[in-house]
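Quick note: the sequence shown uses the working numbering, first residue 340, plus one each step.
Every residue gets a Cβ at the ideal spot worked out from N, C-alpha and C, and that includes glycine.
Only a predicted model underlies this, so the values are computations on that prediction, with no experimental measurement involved.
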Amino acid sequence: MSVQVYGCNHVAIEVDDIRKAVAFYKDVFNLEKLDRGEGDA
């Protein structure tokens, strides 16, 4: 059985170094933060 994915609404990860993690996901996956809340990088 296969499932077709249409998008991703939310992803949560735990990291040791938030600045390195943000740079990694931006560089590797071309991700961009859309919103910023309390405690966000």
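Between the CA atoms of residue j and residue i - distance to the nearest angstrom
| i | j | result |
| --- | --- | --- |
| residue 351 | residue 340 | 27 angstroms |
| residue 373 | residue 342 | 26 angstroms |
| residue 345 | residue 362 | 25 angstroms |
For residue j and residue i, believed in contact at Cβ under 8 angstroms, the rounded distance
| i | j | result |
| --- | --- | --- |
| residue 354 | residue 360 | 4 angstroms |
Cut-off 8 angstroms between Cβ atoms - residues of its own chain near residue i, not counting five sequence neighbours on either side
| i | result |
| --- | --- |
| residue 370 | 364 |
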